[in-house]
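Here the structure comes first, spelled out in structure tokens, and everything after it is commentary.
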């Protein structure tokens with residue numbers, strides 16, 4: 063797992079630790095309580111799996127409630143590479159509401175992924191933050207499709223009824239297996 067920007071105390075691994083109270087934060091420099099500089103979007107998070115997996119979408123969890131909303135993603139791109147050496151293909155992009163709700167993006171098919179790239183293209187106050195990133199298990203009601211066959215705009219923000227809300231069955235992280 064890599065990120066093109068991370069703050070010294072909030073590394074990208076915190077977005078994949080299963081704990082919604084910890085979070086990744088893009089880099090910034092502060093003098094006391096004054097921010098003197100910061101990295102700005104786009105923020106690129108890349109996950110390479112040991113073996114290719116099949117996914118039907120992803121879930122983005124903003125930083126914990128009770129904290130500033132700075133860094134909550136407002137715009138995103140989601141790319142997938144099916145095999146080692148493949149160039150990641152853009153399969154979803156869109157806007158997200160500025161809320162603390164988990165944002166779940168459901169694809170119109172199950173996609174094989176060896177590598178995924180999540181890009182925050184726009185964020186509150188130009189910071190990047192994320193409590194958790196998860197990948198949604200294959201949906202038996204969907205066909206398996208090649209990433210290159212998905213047309214942009216065919217993904218949808220999923221309702222909470224579309225997914226199991228616990229880690230059981232739908233979260234795949236760098237430290238766990240698909241259930």
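In the working numbering, the protein residues as written are 63 to 241. For each residue, glycine too, the CB sits at the ideal point set by N, CA and C. Since this is a predicted model, take the numbers as computed values, not measurements.
**Prompt:** DSSP on residue 84, reduced to helix/strand/coil?
**Reply:** Looking up residue 84 in the chain shown gives position 22. Note: residue 84 maps to coil in three-state DSSP.
**Asked** Where in the region 134-210 do unbroken runs of the alpha helix (DSSP H), each at least 4 residues long, occur, reported from the N-terminal end onward?
**Response** none
**Request:** Assign residue 127 to one of three DSSP states: helix, strand, or coil.
**Result:** The sequence position of residue 127 within the chain shown is 65, counting from 1. When DSSP states are grouped into helix, strand and coil, residue 127 belongs to the coil group.
**Message:** Can you check which of these residues, 73, 146, 180 and 192, is closest to residue 129 by C-alpha distance?
**Reply:** The residue you call residue 129 lines up with position 67 of the chain shown. Among 73, 146, 180 and 192, the Cα nearest to that of residue 129 belongs to 192.
**Request:** Would you decide whether residue 99 is buried or exposed? Buried here means 16 or more other CB atoms lie within 10 Å of its CB.
**Result:** Counted from its first residue, the chain shown places residue 99 at position 37. With fewer than 16 other CB atoms across the displayed protein chains lying within 10 angstroms of its CB, residue 99 is exposed.
**Request:** Pick helix, strand or coil for residue 94, following the three-state DSSP scheme.
**Result:** Your numbering for residue 94 matches position 32 in the chain shown. Residue 94 falls in the coil class under three-state DSSP.
**Contact under 9 Å by Cβ, residue 209 with residue 121** = Position 147 of the chain shown, counting from 1, holds the residue named residue 209. Position 59 of the chain shown, counting from 1, holds the residue named residue 121. Not a contact, by the Cβ cut-off of 9 Å.
**Message:** Assess contact between the region 65-80 and the region 151-166, defined as three or more Cβ pairs (one per stretch) separated by less than 8 Å. Is contact present?
**Reply:** no
**Message:** Just to check my reading of the structure: residue 176 and residue 206 have Cβ atoms closer than 8 Å, yes? What is that Cβ distance to the nearest angstrom?
**Reply:** Here residue 176 is taken as the residue at index 114 of the chain shown, counted from 1. Here residue 206 is taken as the residue at index 144 of the chain shown, counted from 1. In fact, because the Cβ distance is near 15 Å, the residues do not count as touching under 8 Å.
**Message:** Between residue 123 and residue 164, how many whole angstroms is the CB-CB distance? I'm expecting something under 8 Å.
**Reply:** Numbered from its first residue, the chain shown carries residue 123 at position 61. Numbered from its first residue, the chain shown carries residue 164 at position 102. Right, their Cβ atoms sit about 5 Å apart.
**Asked** Should residue 103 and residue 185 be called a contact, given that it needs their Cβ atoms to be closer than 9 Å?
**Response** Here the question's residue 103 lines up with position 41 in the chain shown. Here the question's residue 185 lines up with position 123 in the chain shown. Closer than 9 Å, so yes.
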